[in-house]
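Remarks on the structure that follows.
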Ligand SMILES: NC(=O)c1ccc[n+]([C@@H]2O[C@H](COP(=O)([O-])OP(=O)(O)OC[C@H]3O[C@@H](n4cnc5c(N)ncnc54)[C@H](OP(=O)(O)O)[C@@H]3O)[C@@H](O)[C@H]2O)c1
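In the working numbering, the protein residues as written are 11 to 292.
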């Protein structure tokens with residue numbers, strides 16, 4: 011990561027920050043709801059916003075960022091390329107459309123949202139296009155999402171692990187995704203845990219409630235702290251400023267080894283994001 015000095019070239023519209031470990035998700039949020047959620051998150055101190063082409067909210071996310079007054083250089087903005095745009099001749103035009111909607115010259119991170127369904131588009135073709143987008147200054151970093159162990163291995167073989175900022179995958183207490191986690195850790199590939207609250211299901215889990223009570227906090231914060239303590243980035247979403255603020259405090263919560271072990275025992279392979287074009291999961 012380069013440091014900016016008075017005479018050094020600057021990248022005016024891309025952050026020089028590493029990916030903040032706690033970001034704000036925006037899946038399902040549309041229209042004024044997402045504008046309000048992103049503005050509220052930014053005012054509370056979130057500096058990492060996660061969107062995607064398929065969420066249909068990039069324009070509203072861009073509006074919220076612009077209206078928030080948050081300095082661009084402090085923000086880390088991720089978008090994801092939808093499966094129909096993975097071909098070599100489509101990816102960059104689609105990313106340019108995303109940038110126009112987001113009102114940004116560059117995003118900080120561009121992910122392949124899902125591996126090409128059925129392997130229709132060769133991974134090399136998509137990764138080459140992403141690297142070209144990076145070379146053109148349209149994205150500062152590139153990465154993966156919903157990649158299995160075999161697919162991560164292929165990506166690493168093609169471009170090297172240092173080129174891949176993350177694999178964003180579903181991880182929460184009920185789907186601990188251990189094969190993906192173990193492989194990524196062994197390779198030194200950062201994982202981003204999506205649906206870290208199991209879309210709200212963590213709130214009613216008795217073990218999480220018990221641990222939260224002991225720490226005078228909530229199951230949501232316990233679930234996030236459990237992920238952060240394992241070295242994952244987390245991107246919970248919330249439309250409520252009080253929940254957004256509470257989720258931010260998870261960074262300060264320290265769980266004991268016993269707490270961690272009790273949560274590890276909650277794994278039940280419960281996958282929430284499983285569309286019919288999903289890869290053959292590990
Ligand atoms: N790469 C992918 O394929 C993929 C797939 C899915 C998701 N994602 C990303 O991951 C992000 C997070 O996943 P998600 O939004 O599906 O689910 P999530 O973050 O696990 O859960 C969001 C739900 O939890 C509630 N919530 C949030 N904080 C809370 C708190 N402190 N107390 C109680 N309830 C709380 C929210 O309700 P309120 O609004 O009422 O607070 C909302 O209903 C997405 O927004 C998206 O950016 C990526």
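Using N, Cα and C, we set each Cβ at its ideal position, and we do this for glycine too.
- One Cα belongs to residue 125, the other to residue 55, and the distance between them is close to 32 Å.
- Across the set 101, 264, 68, the C-alpha of 101 shows the shortest separation from the C-alpha of residue 134.
- At least one heavy atom of ligand 1 is found less than 8 Å from the C-beta of residue 205.
- Pairing residue 221 with residue 269 gives a Cβ-Cβ distance under 9 Å.
- Residue burial is scored here from C-beta neighbours: residue 188 has fewer than 16 other C-beta atoms within 10 angstroms and is therefore classed as exposed.
- In this structure, the C-beta of residue 37 approaches ligand 1 to less than 8 Å from one of its heavy atoms.
- For residue 59, the enclosing beta strand (DSSP E) covers residues 58-60.
- Measuring C-alpha to C-alpha distances from residue 292 to each of 271, 230, 158, 244 identifies 158 as the nearest.
- For residue 60, the shortest C-beta to heavy atom distance toward ligand 1 is below 8 Å.
- In the three-state scheme derived from DSSP, where H, G and I count as helix and E and B as strand, residue 193 is classed as helix.
- Contact between residue 288 and residue 156 is confirmed by a C-beta separation of about 7 Å, below the 8 Å threshold.
- About 18 Å separates the beta carbon of residue 272 from that of residue 191, a gap too long to meet the 8 Å contact definition.
- Per DSSP, the unbroken beta strand (DSSP E) holding residue 150 starts and ends at 149-155.
- Rounded to the nearest angstrom, the Cβ distance from residue 89 to residue 62 is 6 Å, consistent with a contact under 8 Å.
- If you look at residue 178, you'll find it in the beta strand (DSSP E) that goes 174-180.
- Contact between residue 105 and residue 71 fails: their C-beta atoms lie close to 15 Å from each other, not under 8 Å.
- A straight line joining the alpha-carbon of residue 130 with that of residue 168 spans about 17 Å.
- Counting of Cβ neighbours within 10 angstroms places residue 180 among the buried residues, the total reaching 16 or more.
- By DSSP's assignment, residue 201 forms a beta bridge with 177.
- Distance from the Cα of residue 200 is smallest, within the candidate group 117, 173, 278, for 173.
- At least one heavy atom of ligand 1 lies closer than 8 Å to the C-beta of residue 246.
- For residue 159, the enclosing alpha helix (DSSP H) has its first and last residue at 159-169.
- When the Cα atoms are used, residue 231 and residue 257 turn out to be separated by approximately 6 Å.
- Here the C-alpha atom of residue 37 lies approximately 10 Å from the C-alpha atom of residue 246.
- Secondary-structure assignment with DSSP links residue 51 through no beta bridge to anything.
- Partner residues in a beta bridge of residue 214, as assigned by DSSP, do not exist.
- Between residue 260 and residue 282 the beta-carbon gap is near 20 Å, outside 8 Å, which marks them as no contact.
- Residue 95 has its alpha-carbon roughly 9 Å from the corresponding atom of residue 122.
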